[in-house]
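Single-structure report; data block below.
In the numbering used here, the protein residues as written are 846 to 1339.
Laid out in structure tokens, this is it:
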């Protein structure tokens, strides 16, 4: 099969899954089987593409002529191939988890849930494999619109309010700033394609833009990508926690937030170029915004009692790590950012899976109410503990390597104060994650916990299978980091 056909297949499989889910809506078992098979096929297709890109192939496929200098087109490159592979694989795992969660929790409108999930993955695949900024922008907006029904899935006043915040922030930033950045880039460079070394080198050399202009343009991209959740454009993320837990997992690990930092990384590497950012210092202001975001979000997470809220602010802090790595404009920082995009995905999705399992099995959301709960849910809290170690950055889990490269990037950029802020935030991640584990494994005293009559039971089997797979991913990204680092190194050192 040709690589061009594989690109098209990777894009069309989620749409096929959407159609199959809608056709099978009256038969839940068939509907879920269609979701699983489509996700599995997408994972296989994305993995095949990753093998092709590792072999040196860079195929391109034009879908439609939007602008003479920027058609709707796909192009295979290492960063996009890695992101597509991770997203497709975690879509398959999240579908397994969703089967257990949605049935056990008695969720309504499950057909709409699975259909919107598949459309969102179509948008993710298009974004991951985009050949230029315009194509990326189209799929970026589609991702926002397709995930809106998932955020408002419950149909309550709280979910509708969260949906308004979600759309308001993400559409406001993308139309108000990201689109403006695209227009400015096209005006300066005359094109919008992704090219190794960046497309803004020539305008800089010709004097059509200076360091200050580049800094303003990079800021437009950084804040315009609202899905990266830099403060003050972060409110949509904790607000969206009213959605079902599989949606939270989608938002935090598979699609939305990773699409944000992935977009910013592609812009830094293929539009500006790391050398251009380093010589002009254009990304330095955003590095400090990321430093403030990671520290502030970590402190808020430490104080939150609701488990999903704590995990939401943890995500904001971890995304700021990635943005800071990008903004160092060093090869090691960008490599750490790309690697953290992968390792954080496996760790954070496990944490949200565990939070959802606790809600389904024990009907608890507050951390203070989870004392002793590991007695009846040892597997769930065991998975939470292992994923926490990966997020913190301890061996033998994948977060170790991404944290190592991120720290090296900050030091290479000669930013000791920013490194200290990053280190303080990393310590804070242990402060807000490990107490959840300690509390769950601490025997509960009867007087203090008499109010909790439901002592819980272990999570549904499908949920446990999903958590086992993602914990294995945390381990695999530590022991098998070599090939992943080789693939990503081709991005930052083309």
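Where is the CB? At the ideal position from N, CA and C, for every residue including glycine.
Local Cβ density within 10 Å of residue i, reported as buried at 16 or more and exposed below that
i	result
residue 1136	buried
residue 879	buried
residue 847	exposed
residue 977	buried
residue 876	buried
residue 864	exposed
residue 1189	buried
residue 997	buried
residue 1260	buried
residue 955	buried
residue 1296	Only weak support exists for where residue 1296 lies, its pLDDT of 45 falling under 50; the coordinates are left without a value.
residue 1302	exposed
residue 1298	Any reading at residue 1298 needs caution, since the residue's pLDDT is 46, under 50, leaving its predicted position unreliable; the model's value is listed next. Classification for residue 1298: exposed.
residue 1276	exposed
residue 903	exposed
residue 992	buried
residue 1038	buried
residue 1062	buried
residue 1185	buried
residue 988	buried
residue 1134	buried
residue 1138	buried
residue 940	buried
residue 1066	buried
residue 1047	exposed
residue 1337	buried
residue 1021	exposed
residue 907	exposed
residue 953	exposed
residue 1242	buried
N- and C-terminal bounds of the beta strand (DSSP E) containing residue i
i	result
residue 910	905 to 912
residue 1341	Shown here, the chain extends from 846 to 1339; a query on residue 1341 therefore has no answer.
Delimiting residues of the alpha helix (DSSP H) encompassing residue i
i	result
residue 1148	1129 to 1148
residue 877	873 to 899
residue 1314	1306 to 1324
residue 933	923 to 949
residue 1018	1002 to 1018
residue 1368	With the chain represented from 846 up to 1339, any question about residue 1368 goes unanswered, as that position is not in the structure.
residue 865	848 to 868
residue 1123	1119 to 1125
residue 1238	Segment: none, residue 1238 is in no alpha helix (DSSP H) and carries neither H nor E.
DSSP beta-bridge partners of residue i
i	result
residue 977	1038
residue 1151	1211
Beta-carbon separation (whole angstroms), residue i vs residue j, contact threshold 8 Å
i	j	result
residue 969	residue 918	The Cβ separation is near 17 Å, so there is no contact.
residue 964	residue 859	7 Å
residue 1122	residue 1174	4 Å
residue 1073	residue 1105	4 Å
residue 1395	residue 1197	An answer regarding residue 1395 cannot be provided, because it is not within the stretch 846 to 1339 covered by the chain.
residue 1182	residue 1161	So it is not a contact: roughly 16 Å between Cβ atoms.
residue 1187	residue 1322	6 Å
residue 1210	residue 1153	7 Å
residue 832	residue 1229	Because the chain here runs from 846 to 1339, residue 832 falls outside it and cannot be looked at.
residue 895	residue 926	5 Å
residue 856	residue 967	7 Å
residue 1307	residue 942	6 Å
Check: residue i C-beta below 6 Å from any heavy atom of the ligand NAP
i	result
residue 1078	This structure lacks the ligand NAP, and indeed carries no ligand of any kind.
Counting only runs that start and end within the stretch 1242 to 1304, where is the alpha helix (DSSP H) found for 4 or more residues in a row? 1244 to 1257, 1261 to 1286 and 1291 to 1294
May I have a chain-ordered list of the alpha helix (DSSP H) segments no shorter than 4 residues that lie completely inside the stretch 1058 to 1111? 1081 to 1084, 1090 to 1094 and 1101 to 1111
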